[in-house]
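Heads up: the protein sequence lines correspond to chains L and R, in order.
Yeah, the first sequence ends on 775 if you go by the numbering used here, and it's all consecutive.
Yeah, the second sequence ends on 473 if you go by the numbering used here, and it's all consecutive.
Here a beta-carbon is modelled for each residue, glycine too, at the ideal position from N, C-alpha and C.
All of these numbers come straight from a predicted model, not from anything done at the bench.
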Amino acid sequence: MIPLSLLIMSLLLSCGGAILCLLLKNREGDIRLGGSGVGIAAAVAGLASGLTAIGAGQPAVLDAAGPYPFAHFVLRLDPLAGLMIAVISLLSLVAWIYGFAYVREYAGRGVGAMGFFMNAFIASMMLVVAADNAFWFLIFFEMMSLASYFLVIFDQDDEAVGAGFLYFLVAHGGSVLIMAAFFLMADQAGSFDFAAFRAHPLPAPLDSVAFLLAFIGFGAKAGMIPLHIWLPRAHPAAPSHASALMSGVMIKIGVFGIVKVGIDLLGASAGPAMLGWGLLVLAFGAVSSVLGVVYALAEHDIKKLLAYHSVENIGIILLGVGTGMIGMALHQPVLAVLGLMAGLYHLLNHAVFKGLLFLGAGSTIFRMHTKDMEEMGGLARNMPWTALSFLVGALAISAIPPLNGFVSEWYTYQALFAAALDGTPLVKFAAPIAAVMLALTGALAVMCFVKAYGIMFAGAPRSHHAEEAREAPAAMVAGMAVLAVACVALGLLAPLVAPVMGRIAAATIGTAPVTLAVGATLLPGDAQQATLSTPLIAILLIAMACLPIALKAAFAAKRGGDRKVAAPWAAGYLPDHHMSASAGGFAQPIRMFFAPLYSMRQAIAGRWTGVAHGFERVVTLARRTEPLADRNVIAPIAGAVDASGKWLQVIQAGDFRIYCLYIVAALIALLALAV
Amino acid sequence: MLTFSHLILGLFQALLLLAAAPLVSGLSRMVRAKLHTRHGPGLLQDYRDIAKLLTRQDLTPPNSGFAFRLMPAVMLTTVLVIAMGIPMLTRFTPVAPIGDLITVIYLFALARFFFSLSGIDSGSSFSGIGGSRELTMGVLVEPVMLLSLFVAALLAGSTNLGAIGSAIADGHVRSATATVIAALSFAYAIYIELGKLPYDMAEAEQELQEGPLTEYSGPSLALIKWAMALKQTVVVAWFVGVFLPFGSAPEMTFFGLLFGLVAFAIKLVLIFAAVGVVENSVARVRFRLTPQHSWVGVGAASLAFVFYLVGL
């Protein structure tokens, strides 16, 4: 029960923090200190809760009656929920550390409200993953969407409000589908408890219907293509530490939902249809990963670029999850564990590096007051720590060995390889194609992050602001440093982390764990298939780096002189910063070569804006019809009441003798009635 | 399992290749001179160039940062590490935990990352365009590499480069046609990766002043020149190790290794001579048209995949 009590402690602290932020109202300095302090304490408790839940063999369950007779308030901490709680807590820990300095950007614009919504957002996410009852799950899911909606519209400008509206629409459209899926299952089980869902599985055609509803509903939350359209608008609009939480954690709740419904609730009893589900998830994952990064490349707004990368990484996670589901359908436990484990590992990794990158972007925006990369440039000189952390994040998200992004992508490749090796013909066909899509994604991601880091931090400053930028405040640097260290640690310590992920996957699927590491070597269940050792790669890289250093040093004595500064060659003209690479020019070849994919985005976006416009029209219509009802129904009634009141005033003459007469008359009337 | 002697073999192999790389690039220069009916500078010219550059002064553009300074060392280091994982003298990979096809592709991405980043960091427009092109070529080539190697790996049942090579050398592959087509498409991808004409895009000498190399001088340029020669050798060794492993040592014996070394050297010389002939008999492809060329690679790799699926 330790994990549960820690979780409840964390939740209570979050509630306390939320109330504190509201009570302190205008004392912003105290809100920053108190809010961050309580937030950090809540996050530490949550992290401890998550880690102990992963470590514990049995799931911890809390069953309370709650106010509603039809829905018990059940919290269940299995290893999967533990992982999610640990991820949420890690990111919120960093967000609170970072926010301590960052919210000064929002001074005088309701820092207290921001603290309140951040606390509510974090607590509701924790409750979503821990809830073991469909009713409460949906309640907390809605709370999460609402709290994040208020963070999206925090800036209150047109872009933020528009983005918030779209987000609101998609989030609620999604939750309606999820609700429908849960109602189907509840109808079969006769209860809203997930335990009952597991005990009374849906019969054959209905389970596919329920899965599809849940997949689309949670997919909208996860931001997979073509339901992603809200993501690149909503995430950039929120304050950067909230963007880090939304992109790093909240969209993972969508993936968690897909795993929960597809594997935990329906998977154990699903028939051959499950192969189709797995392939569907795989296909959506492959398309999301490639298109996400292709669209990211064309962006100049750093936060939009990062938001599109979230779409890409959700795709990569879904590749792993889909392979896991294929493994379950084919009754190959090793493949199932390998696939799901790859997905979960990437989920954790993406939370860490995407959180880091959003915070890095937030630090530059904090100093530059613009999101446009073209106005930055050369920031590494004045913001060295921010630059270094961002570089670590950029290398990690580009899956460069030996960092963490590479390890989880390697496992994804290995899962796809294992599926291609002994699957049904359809799987043999699909898995290598997914692997090629992943390779394309990887190459494009490298390009995108060379561009992002290069244009923002390298080269010459592109504006006056960039020249004068200063390093971000210590608290913000500390927040980024925590995540940068986590990126390196999750990569180099992969031989310790991978087996834990494997245990979580095995517990979720309900099979025996798979050997994923021997000593410092990683292997996908079978050492014959492949091996990898990130610590060894790191050691060899460091050892081999001695060679060029020694070579340069050996010739230092003979050298003609020290390093000298000289302007770059500009074909005889005077070089200026307009000549160096720009964000648009750098990605231009890809925009040219992949032009059809960009025009496809226009088509998808057009469809969605059509939907949004439709809703706006409904709202306008409602606004216009509102006075109609007023005039025809409410106004006449109000008028009649008014008139009758006037008429009744006649008997109210003000003379007390007349009132006495009324009383006597009433008494006589009553007596007459009684007799 | 990885033993100490494997590690030593890997180290030996990497250093041997490092020592031989300027010879290989010298060979390319010699072939070019022969085709131009010139005398040429001789086989050892690149050693002399490197030695000379190492003693010259280093120049840095005023706005460049640490990415520009680190790149030569990062590039040489990364390619050296890759060289330890690829089977060359032996059938098996010397350092198995880095001899995985995915790891090798992504380690090349590490070199590519810094190579292109230094292009932006230098502030020169030539370097920036070169960096962008280098990454674009990566986007076009990596999927072809992965698919062709993936087909061979599926036939061998392992993604370890040595295991794939051994399976091909022993004839333990189910589908010979698929293997041959996969080898051809991989060879094509490798040729593009070499950065030679007609695909000399990123370091185009006449067009972009050698792209990201534009602003380098002195010891930094020496390291990059050396690293690029090494990279070309390693890339060819990668192809040889997987698809032409004939003559390499199945076990780690002295004579086996010696024989493997001779066979490897002969294969390398033959391939670079052939590459030299191709390189000097074609003109550069227009950059805008490269996707049409890379589609050929994609098509060939897909064909190999289809043959694998059918089992021919």
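Rounded to the nearest angstrom, what separates residue i and residue j at their Cα positions?
| i | j | result |
| --- | --- | --- |
| VAL471(R) | ILE533(L) | 16 Å |
| ALA322(L) | MET537(L) | 20 Å |
| ILE690(L) | ALA518(L) | 32 Å |
| ILE278(L) | ASP307(L) | 13 Å |
| ARG123(R) | GLY135(L) | In the structure as shown, chain R begins at 162 and stops at 473. Residue 123(R) is therefore absent and cannot be evaluated. |
| VAL394(L) | PHE694(L) | 8 Å |
| VAL597(L) | PHE241(L) | 29 Å |
| ILE416(L) | ALA181(L) | 20 Å |
| HIS272(L) | VAL334(R) | 53 Å |
| LEU444(L) | ALA148(L) | 19 Å |
| LEU122(L) | PHE216(L) | 6 Å |
| ARG731(L) | TRP747(L) | 23 Å |
| ARG724(L) | LEU269(L) | 21 Å |
| ILE266(R) | ILE247(R) | 12 Å |
| GLY625(L) | VAL618(L) | 10 Å |
| LEU153(R) | LEU301(R) | Because chain R spans 162 through 473 in this model, residue 153(R) falls outside it and cannot be assessed. |
| ILE500(L) | ALA296(L) | 44 Å |
| VAL439(R) | VAL396(R) | 17 Å |
| ALA348(R) | ALA398(R) | 11 Å |
| ALA575(L) | THR720(L) | 46 Å |
Who are the neighbours of residue i on chain R, taking C-beta pairs under 8 Å?
| i | result |
| --- | --- |
| VAL211(L) | Correct list: empty, because the minimum Cβ distance to chain R is about 35 Å. |
| VAL665(L) | LEU220, THR221, PRO222 and PRO223 |
| TYR513(L) | ILE263 and THR320 |
| PHE686(L) | ILE281, GLY289, GLY292 and SER293 |
| LEU540(L) | VAL300, GLU303 and PRO304 |
Tell me whether residue i, by its Cβ, gets closer than 7 Å to a heavy atom of the ligand ATP.
| i | result |
| --- | --- |
| LEU382(R) | Only the bare structure without any ligand can be found here, which leaves the ligand ATP out of the picture. |
Does any C-beta atom of chain A lie closer than 8 Å to the C-beta of residue i?
| i | result |
| --- | --- |
| PHE311(R) | No chain A appears in this structure, whose protein chains are L and R. |
Please list, in chain order, the chain L residues whose beta carbon lies closer than 7 Å to that of residue i.
| i | result |
| --- | --- |
| GLN174(R) | By Cβ distance, chain L contributes nothing, its closest Cβ being about 13 Å from GLN174(R), past 7 Å. |
| GLY458(R) | Those within 7 Å of GLY458(R) in chain L number zero; the least Cβ separation is about 12 Å. |
Using the beta-carbon of each residue, which ones in chain L are nearer than 8 Å to residue i?
| i | result |
| --- | --- |
| ASP282(R) | GLY554, ALA558 and GLY559 |
| ARG294(R) | PRO689 |
| THR238(R) | LEU641, MET644, ALA645, LEU647 and PRO648 |
| ALA257(R) | THR631 |
Taking Cβ-Cβ distances shorter than 7 Å, what residues in chain R pair up with residue i?
| i | result |
| --- | --- |
| GLY661(L) | GLN218 |
| VAL536(L) | PRO304, LEU307 and LEU308 |
| ARG481(L) | GLY226 |
| LYS528(L) | LEU470 |
| PHE679(L) | Per the sequence presented here, residue 679(L) reads as Met, with Phe not at that position. In chain order: SER286. |
| ILE402(L) | Residues of chain R passing the Cβ test: none, with the nearest at roughly 15 Å. |
Quick one: which chain L residues come within Cβ less than 9 Å of residue i?
| i | result |
| --- | --- |
| ARG449(R) | PRO689, MET692 and PHE693 |
Residue i versus chain R: which residues are under 9 Å apart at the beta carbon?
| i | result |
| --- | --- |
| ALA670(L) | SER285, SER286 and PHE287 |
Where in the stretch 728-772 of chain L do unbroken runs of the alpha helix (DSSP H), each at least 4 residues long, occur, reported from the N-terminal end onward? If we require 4 residues or more, the alpha helix (DSSP H) runs fully inside the stretch 728-772 of chain L come out as 735-748.
Would you call the stretch 186-194 of chain L and the stretch 155-166 of chain L touching, i.e. three or more CB-CB distances under 8 Å? no
Give, in chain order, every unbroken run of the alpha helix (DSSP H) that is at least 4 residues long and sits entirely within the stretch 305-340 of chain L. 331-337
Give, in chain order, every unbroken run of the alpha helix (DSSP H) that is at least 4 residues long and sits entirely within the stretch 365-404 of chain L. For the stretch 365-404 of chain L, whole alpha helix (DSSP H) runs of length 4 or above, ordered along the chain, are 373-397.
Hey, is the stretch 329-341 of chain R in contact with the stretch 440-457 of chain R, meaning 3+ C-beta pairs nearer than 8 Å? no
Between the stretch 543-554 of chain L and chain R, which residues of the former have CB atoms less than 7 Å from a CB of the latter, in chain order? Result list: ALA543, LEU544, VAL546, MET547, VAL550, TYR553 and GLY554.
Compile a chain-ordered list of the residues in the stretch 423-444 of chain L whose CB is closer than 7 Å to at least one CB of chain R. none
Between the stretch 311-326 of chain R and the stretch 398-405 of chain R, are three or more C-beta pairs nearer than 8 Å? yes
Evaluate contact between the stretch 316-335 of chain L and the stretch 404-419 of chain L, counting only Cβ atoms and requiring at least three cross-stretch pairs below 8 Å. Result yes; three or more Cβ-Cβ pairs closer than 8 Å.
Given a limit of 9 Å on CB to CB distance, which residues of the stretch 310-334 of chain R reach chain L? PHE311, VAL312, ALA314, LEU315, GLY318, SER319, THR320, ASN321 and ALA324
Of the residues that make up the stretch 361-380 of chain R, which ones have a beta carbon closer than 7 Å to any beta carbon in chain L? GLN370, THR375, GLU376 and PRO380
Taking 8 Å as the threshold, find out whether the stretch 339-353 of chain L comes into contact with the stretch 448-459 of chain L through three or more Cβ pairs. The answer is yes - the stretch 448-459 of chain L touches the stretch 339-353 of chain L, with three or more Cβ pairs under 8 Å.
Inspect the CB distances between the stretch 655-671 of chain L and the stretch 219-226 of chain R and report whether three or more fall short of 8 Å. yes
Please give me, in chain order, every unbroken run of the alpha helix (DSSP H) with length at least 4 that falls completely inside the stretch 181-257 of chain R. 206-215 and 227-246
Interface positions of the stretch 628-645 of chain L facing chain R (Cβ-Cβ less than 8 Å), listed along the chain: For the stretch 628-645 of chain L, residues whose beta-carbon sits nearer than 8 Å to a beta-carbon of chain R comprise GLN628, GLN629, ALA630, THR631, LEU632, SER633, LEU636, ILE637, LEU640, LEU641, MET644 and ALA645.
Enumerated in chain order, which unbroken segments of the alpha helix (DSSP H) with a length of 4 residues or greater are wholly contained in the stretch 231-282 of chain L? 234-252
Is there contact here, the stretch 317-337 of chain R with the stretch 621-635 of chain L, by at least three beta-carbon pairs under 8 Å? These segments touch.
Ordered list of alpha helix (DSSP H) runs contained in the stretch 388-458 of chain R, each at least 4 residues: Every alpha helix (DSSP H) stretch that sits fully inside the stretch 388-458 of chain R and reaches 4 residues is listed by chain position as 415-440.
Are the stretch 274-285 of chain R and the stretch 419-430 of chain R touching, with three or more C-beta to C-beta distances below 8 Å? no
Between the stretch 182-195 of chain R and chain L, which residues of the former have a C-beta closer than 9 Å to a C-beta of the latter? If the cut-off is 9 Å between Cβ atoms, the stretch 182-195 of chain R has nothing near chain L.
Check whether the stretch 421-431 of chain L touches the stretch 460-477 of chain L, counting contact only when three or more Cβ pairs, one atom from each stretch, lie closer than 8 Å. No, because fewer than three Cβ pairs between the stretch 421-431 of chain L and the stretch 460-477 of chain L fall closer than 8 Å, the two stretches do not touch.
Three-pair Cβ contact test at 8 Å for the stretch 190-205 of chain R versus the stretch 349-361 of chain R: no
Short-range partners of chain R found in the stretch 607-627 of chain L, where Cβ spacing is below 7 Å: Cβ contacts with chain R: THR621.
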